[in-house]
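Below is one structure; the comments refer to it alone.
Chains as they are written, first to last, in the working numbering: chain A, 1488 to 1647; chain B, 1488 to 1647.
Structure below.
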């Protein structure tokens, strides 16, 4: 049985990016908001900040968790997290958009499932009606889904 | 030679937490801000949001990157990211504070180094005066540190 999780996180290293873009607050904010939208996420709030002498940090809180970016223009590098939950959001679409907007020529992605409720030590064994129910778009499940089968733990996977 | 990175991220799964705390916007916001402060971070901006019917999401943007939390009170579970850069911030102090405030009885932590500028495929080989210089509190290095030895890639480590 495939293990399921409450959340799903992509940790992306964007290397060899356009350094001017990485240092441009408006460009970064626009790219992150567009990444949220193209992924199918619902934007709740956002904060973006440009640092001196360079670099931009920003977070978009979405109904399905968050997207975050930190840029190091001097290295052409940006660290991006795409943390989502639910089945209605496709963070890979946001990833593709950011790759293009940042002009990244090299990248790596680590995928991590968050909130695996069944653990090897047996202390977390919430029961679920079906495994699929844990991935509702709302990211919150009614307590009455705790009635059936357990799920298995899952470790991180490198997906690209 | 120990590899060094631009950033350092702790991805924490807090299980078996106090469910009332997890659903309390003020308590979560206060805990996250205190976690930033006890870690030695400089708070830049913050956004927190309580969802219906339950759950809180929030991010504290710090000068040294960000702290993020998403709570699932119905499972007693919170996903926390502590993303920092520089040598002046100790995210483990924030971790300890959050463990206590959330009342977590079980947890796991994955540590990931972000922005390893030397990669196995050889495309990222920035040169540095010394490895230590990459971890300045400002998180930004002048370009003139690109003058010496290369650093090696590092993969993720489970630290607890």
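Note that beta-carbon positions come from the ideal geometry of N, C-alpha and C, so glycine has one too.
DSSP bridge partner residues for residue i (one or two, in chain order)
i	result
residue 1556 of chain B	B:1545, B:1567
residue 1595 of chain B	B:1500
residue 1580 of chain A	In the DSSP output, where bridge partners are listed per residue, residue 1580 of chain A has none listed.
Contact set for residue i: own chain, Cβ-Cβ below 7 Å, skip 5 residues either direction
i	result
residue 1541 of chain A	1510, 1560, 1561
residue 1580 of chain A	1525, 1526
residue 1512 of chain B	1535, 1537, 1543
residue 1590 of chain B	1504, 1505, 1508
residue 1576 of chain A	1526, 1527, 1528, 1551
Residue i in three-state terms, based on DSSP
i	result
residue 1525 of chain B	helix
residue 1537 of chain B	strand
residue 1493 of chain B	coil
residue 1587 of chain B	helix
residue 1513 of chain B	helix
residue 1506 of chain A	helix
residue 1532 of chain B	strand
Below-8 Å beta-carbon distance, residue i vs any chain C residue
i	result
residue 1498 of chain B	The chain labelled as chain C is not found among the protein chains of the depicted structure, namely A and B.
Local Cβ density within 10 Å of residue i, reported as buried at 16 or more and exposed below that
i	result
residue 1507 of chain A	exposed
residue 1517 of chain A	exposed
residue 1500 of chain B	buried
residue 1552 of chain B	buried
residue 1496 of chain B	buried
residue 1568 of chain B	buried
Other residues of its chain near residue i: CB distance less than 6 Å, five sequence neighbours each side excluded
i	result
residue 1563 of chain A	1503, 1504, 1506
residue 1445 of chain B	There is no way to answer for residue 1445 of chain B, as the model of chain B reaches only from 1488 to 1647.
residue 1557 of chain A	1544, 1566
residue 1523 of chain A	1530, 1547, 1549, 1554
Other residues of its chain near residue i: CB distance less than 8 Å, five sequence neighbours each side excluded
i	result
residue 1649 of chain B	An answer regarding residue 1649 of chain B cannot be provided, because it is not within the stretch 1488 to 1647 covered by chain B.
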